[in-house]
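**Student:**
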Amino acid sequence: MAKKETPELNASSLADIAFLLLIFFLVATTMSTDTGLARMLPPIMPNTEDDAPPIKERNVFTVLLNFKNQLLVEGEWLDVKDLRSKAKEFIANPGNLETLPEKTDTEVEFFGTYPVSKGVISLQNDRGSTYQAYLEVQNELQAAYNELREELAKSKFRKSYDDCSEDEQKAIKVIYPQRISEAEPKNYKK
Amino acid sequence: MAKFRKERKGGQQKLNTSSLPDIVFMLLFFFMVATSMKEVTMQVKIKSPEATEVTKLEQKSLVSYVYVGVPLSSKKYGSEPRIQLNDSFATVDDIENYILQEREGMKEADRPKMTVSIKADADVQMGTITDIKQALRKAQALKISYSARKAQ
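Chains D and Y are the protein sequences, given in the same order. For any residue, its number in the numbering used here is found by taking its place in the first sequence, counting from 1, and adding 246. For any residue, its number in the numbering used here is found by taking its place in the second sequence, counting from 1, and adding 877.
(1) Please determine, among Asp280(D), Asn339(D), Ser259(D), the residue with the shortest C-alpha to C-alpha distance to Ala1025(Y).
(2) Considering only the beta carbon of each residue, do Ile367(D) and Leu398(D) sit closer than 9 Å?
(3) Taking the Cβ atom as the reference point for each residue, do Thr308(D) and Leu318(D) lie within a distance shorter than 9 Å?
(4) Would you say Tyr377(D) lies against chain Y (beta-carbon separation less than 9 Å)?
(5) Check the Cβ-Cβ distances between Asp998(Y) and every residue of chain D, and say whether any is below 9 Å.
(6) Starting from Glu251(D), trace the beta strand (DSSP E) both ways and give me its first and last residue.
(7) Only counting the same chain, and skipping five residues up and downstream in sequence, which positions put a Cβ closer than 7 Å to that of Asp971(Y)?
(8) How long is the line joining the alpha carbons of Pro289(D) and Tyr1023(Y), rounded to whole angstroms?
(9) Using only the alpha-carbon positions, how far apart do Thr375(D) and Phe313(D) sit?
(10) With the cut-off set at 9 Å, would you say Met1003(Y) and Arg373(D) are in Cβ contact?
(11) First and last residue of the alpha helix (DSSP H) that includes Gly358(D)?
(12) Check whether the Cβ atoms of Ala1012(Y) and Gln388(D) sit closer than 9 Å, and answer yes or no.
(13) Applying a beta-carbon distance threshold of less than 9 Å, which residues of chain Y neighbour Pro289(D)?
(14) Checking contacts by CB at 9 Å: is Ile960(Y) closer than that to chain D?
(15) How many Å lie between Ser951(Y) and Val273(D) at the Cα?
(16) Would you please state the rounded distance, in angstroms, between the beta carbons of Val969(Y) and Ile1009(Y)? I believe it to be under 8 Å.
(17) Rounded to the nearest angstrom, what separates Asp413(D) and Leu939(Y) at their Cα positions?
(18) In the DSSP output, which residue or residues are listed as bridge partners for Ser1022(Y)?
(19) Using a C-beta to C-beta distance shorter than 8 Å, which residues of chain D count as neighbours of Lys933(Y)?
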């Protein structure tokens, strides 16, 4: 049978068209992903006053932020710079001090029985404080937790927290759970 | 007029460019997939505060945004910080409805993973933010993220 050769399609302009589209999407793309500090809000309880178990004074780390963006931490004026170390000391309680949070022995994977702190950080702010100041405080508290987790990962697994496997991260999270409570707003009378 | 000569006399070999469209298409598809076209037109001015411990928000389809800031056209809308939802100004009372609407638009399985990102200007007073947080609690949208830029 005689074979008829199919005429070749001129595809040279295809590249031009594709380039045009490519450039359009290049320009229109916004690659920036949103970044931020993740938090969980507490659900609204109808009557918290009756059933909430009282939390001992030593287990609460109160951070107050006033309308002048000043900090009152555990009853003392504090600079934002010093908040991180103070929060770390509170969460870890390395010396098992009476004034810092108590610990309960908990069974943790990889670690065996480990004393886990019961500390809660309570953050309250005035309506007049700025968002920037509030976020700085939140950032320092987050940093305190992150640093503690990092240190624990380094000493136990000999690697960075980010490089740990999911199970290892989970175990570390059991030891240092992030407990930042953003208190119920109070109605200030003017 | 000069004519194109078909046969070359010892000239350079023609480069085969038939795979060029394939490469370009590959790039094209990458950008088409990576692009997120749905951006709201900002009505408020937002200069995000900086933080060092920020985490990335995965999966844009699960994130709803609440914008807070001073209106761009302050002559028209005043210089008090306002809340923006989607493309228009809103009040705190609208947030609950907005969240319900956003939740309706999501897949059933994704609804518990819904995150609300609060994008607020650094100078906004916390009173507004607190009101928003209360509204979000009422709407049962408890996963939130305070939007911040990564400090250099």
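We put the CB at the ideal spot given by N, CA and C, even for glycine. Here the structure is a predicted model, which is why all the values come from computation and not from measurement.
**Tutor:** Based on what the coordinates show:
(1) Your numbering for residue 1025(Y) matches position 148 in the second sequence. Considering only alpha carbons, the answer is Asp280(D).
(2) Residue 367(D) sits at position 121 when you count from the first residue of the first sequence. Residue 398(D) sits at position 152 when you count from the first residue of the first sequence. Cβ atoms of Ile367(D) and Leu398(D): not closer than 9 Å.
(3) Here residue 308(D) refers to the residue found at position 62 of the first sequence. Here residue 318(D) refers to the residue found at position 72 of the first sequence. It is a contact, given that the beta carbons lie within the stated cut-off.
(4) Looking up residue 377(D) in the first sequence gives position 131. For Tyr377(D), the answer is yes, since a Cβ of chain Y falls inside 9 Å of its Cβ.
(5) For this step, residue 998(Y) is matched to residue 121 along the second sequence. Yes, contact with chain D.
(6) Residue mapping note: residue 251(D) aligns to position 5 of the first sequence, counting from 1. No beta strand (DSSP E) holds Glu251(D); DSSP gives it neither H nor E.
(7) The residue given as residue 971(Y) occupies position 94 in the second sequence. Answer for Asp971(Y): Leu962, listed in chain order.
(8) Counting from 1 along the first sequence, the entry for residue 289(D) is found at position 43. Counting from 1 along the second sequence, the entry for residue 1023(Y) is found at position 146. Distance between the alpha carbons of Pro289(D) and Tyr1023(Y): 18 Å.
(9) Locating residue 375(D) in the first sequence gives position 129, counting from the first residue. Locating residue 313(D) in the first sequence gives position 67, counting from the first residue. Sequence inspection shows Ser at residue 375(D); the Thr mentioned does not correspond to that position. About 4 Å.
(10) If you number the second sequence from 1, residue 1003(Y) lands on position 126. If you number the first sequence from 1, residue 373(D) lands on position 127. Contact: yes.
(11) Taking the first residue of the first sequence as position 1, residue 358(D) is located at position 112. Where Gly358(D) is concerned, there is no enclosing alpha helix (DSSP H), although the beta strand (DSSP E) it sits in stretches over 358-363.
(12) Locating residue 1012(Y) in the second sequence gives position 135, where the first residue counts as 1. Locating residue 388(D) in the first sequence gives position 142, where the first residue counts as 1. No, Cβ-Cβ distance for Ala1012(Y) and Gln388(D) is not below 9 Å.
(13) If you number the first sequence from 1, residue 289(D) lands on position 43. Chain Y residues near Pro289(D): Arg1014, Gln1017, Leu1019.
(14) For the purposes of this step, residue 960(Y) is taken as the residue at position 83 of the second sequence. Cβ-Cβ to chain D under 9 Å: no for Ile960(Y).
(15) Walking along the second sequence from the start, residue 951(Y) turns up at place 74. Walking along the first sequence from the start, residue 273(D) turns up at place 27. If you take the alpha carbons of Ser951(Y) and Val273(D), they lie about 30 Å apart.
(16) The residue you call residue 969(Y) lines up with position 92 of the second sequence. The residue you call residue 1009(Y) lines up with position 132 of the second sequence. Confirmed, Cβ separation roughly 6 Å.
(17) Locating residue 413(D) in the first sequence gives position 167, where the first residue counts as 1. Locating residue 939(Y) in the second sequence gives position 62, where the first residue counts as 1. C-alpha separation (whole angstroms): 25 Å.
(18) Position 145 of the second sequence, counting from 1, holds the residue named residue 1022(Y). DSSP, once it has assigned bridges, lists Ala284(D), Ser994(Y) as partnering Ser1022(Y).
(19) Along the second sequence, one-based indexing puts residue 933(Y) at 56. Thr279, Asp280, Thr281, listed in chain order.
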